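Report on the following structure.
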Amino acid sequence: MNERGRVRPAKHRDDAAILTLEELFPSDRMSLRSVRHFLKSPSARTWVAELEGAVVGNLILLTRRNSCVARIYSVVVAPQARGRSFGERMVRAAQTEALKLGLKQIKLEVRVDNAAARALYAKLGYVESEALPGYYEDGADGLRLCNTLSRKKPAKRR
Ligand SMILES: CC(C)(COP(=O)(O)OP(=O)(O)OC[C@H]1O[C@@H](n2cnc3c(N)ncnc32)[C@H](O)[C@@H]1OP(=O)(O)O)[C@@H](O)C(=O)NCCC(=O)NCCS
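Per this note's numbering, the sequence shown starts with residue 93, numbered consecutively.
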């Protein structure tokens, strides 16, 4: 048993599992149709976190033609699988892919009161670029965060 699990690109057959994860959000629910759309869209990349054969997390990254900025549209890890670095590994996978695509920045929106997500993004170098008062359906305030991507410099040889 590999308790660390793994992060891999999503496949079409992950659609139902992704929908179940997205249903963890009380607002802004996604339909199965939108999940399937993201899974086949050339402007979306989706990863899942897998633990003991079960899908326990997903991240959707959106790109736009003629834009060097990608957007993390959604990231969620099932409550029982949190704290195992799945969130971090999925965001890093998205960043690596964005760099491969030649993109320069990733942006996203987060609720001001979402301490866990804000700590995750802060750890990975995301900074606040805009306050979004009343951004969410329930009136909660949001923040736009962004991260300018850079390849790690190779370690110097002695
Ligand atoms: C936010 C979320 C994706 C984090 O996923 P996770 O797999 O549990 O996070 P990780 O284990 O990868 O944690 C990575 C870092 O995030 C931060 N973090 C994660 N959970 C945290 C918590 N509950 N409190 C404080 N910091 C937290 C820490 O800095 C952590 O690094 P560390 O382990 O070195 O301390 C998860 O809590 C989640 O799905 N929440 C509900 C959905 C959501 O809010 N999505 C984000 C919308 S913008």
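From the three backbone atoms N, C-alpha and C, an ideal C-beta is built for every residue, glycine too. Quantities reported herein were computed from a predicted structural model and do not represent experimental measurements.
Close Cβ partners of residue i (< 6 angstroms) along its chain, the five nearest in sequence each way excluded
i	result
LYS244	none
PHE130	ALA136, THR138, ILE152
TYR165	ILE152, LEU154
ALA185	VAL99, TRP139
CYS160	LEU195, LYS196
GLU189	ARG137
Assigned exposure category for residue i - 16 Cβ within 10 Å defines buried
i	result
GLU114	buried
MET93	Below a pLDDT of 50, predicted positions are generally treated as unreliable, and MET93, at 47, falls in that range; the measurement from the model is reported next regardless. The residue is exposed, with fewer than 16 neighbouring Cβ atoms inside 10 Å.
ARG163	buried
ALA207	exposed
VAL183	buried
VAL169	buried
Same chain, Cβ closer than 8 angstroms to residue i, neighbours up to 5 away in sequence not counted
i	result
ARG181	VAL99, ALA141
ALA173	GLY97, ALA141, LEU143, VAL148, GLY149
LEU124	ASP107, ALA108, LEU111
GLN187	ILE198, LEU216, ASN239, LEU241
HIS104	ARG128, LEU131, LYS132
ARG157	SER135
PRO171	LEU116
Endpoints, beta strand (DSSP E) assigned at residue i
i	result
LYS199	197 to 203
LEU224	219 to 224
GLY234	234 to 240
TYR165	161 to 169
Whether residue i touches residue j by CB criterion (8 angstroms)
i	j	result
GLU179	VAL167	Checking the displayed sequence, the identity of residue 179 turns out to be Gly instead of Glu. Yes.
LEU237	LEU200	yes
LEU212	ASN239	no
Extent of the continuous alpha helix (DSSP H) run through residue i
i	result
GLY149	Segment 146 to 154 is the beta strand (DSSP E) holding GLY149; no alpha helix (DSSP H) there.
GLU95	Here GLU95 belongs to no alpha helix (DSSP H), and DSSP marks it neither H nor E.
ALA113	Here residue 113 turns out to be Leu, not Ala, going by the sequence shown. Here the alpha helix (DSSP H) through LEU113 covers 107 to 114.
GLU229	From DSSP, GLU229 is part of no alpha helix (DSSP H); its letter is neither H nor E.
LEU143	Per DSSP, LEU143 belongs to no alpha helix (DSSP H); it is in the beta strand (DSSP E), 136 to 143.
MET182	178 to 192
SER126	124 to 132
Neighbourhood of residue i by C-beta distance below 7 angstroms, restricted to the same chain and skipping five residues each side
i	result
ASP205	ALA232
ALA214	none
TYR218	LEU237, CYS238, ASN239
Residue-chain proximity (residue i, chain C), Cβ-Cβ < 8 angstroms
i	result
ALA190	The structure shown contains no chain C; it is built from a single protein chain.
(request) Indicate whether the contact test is met: 3 or more Cβ pairs, each with one atom in the segment 100 to 117 and one in the segment 143 to 152, closer than 8 angstroms. (result) yes
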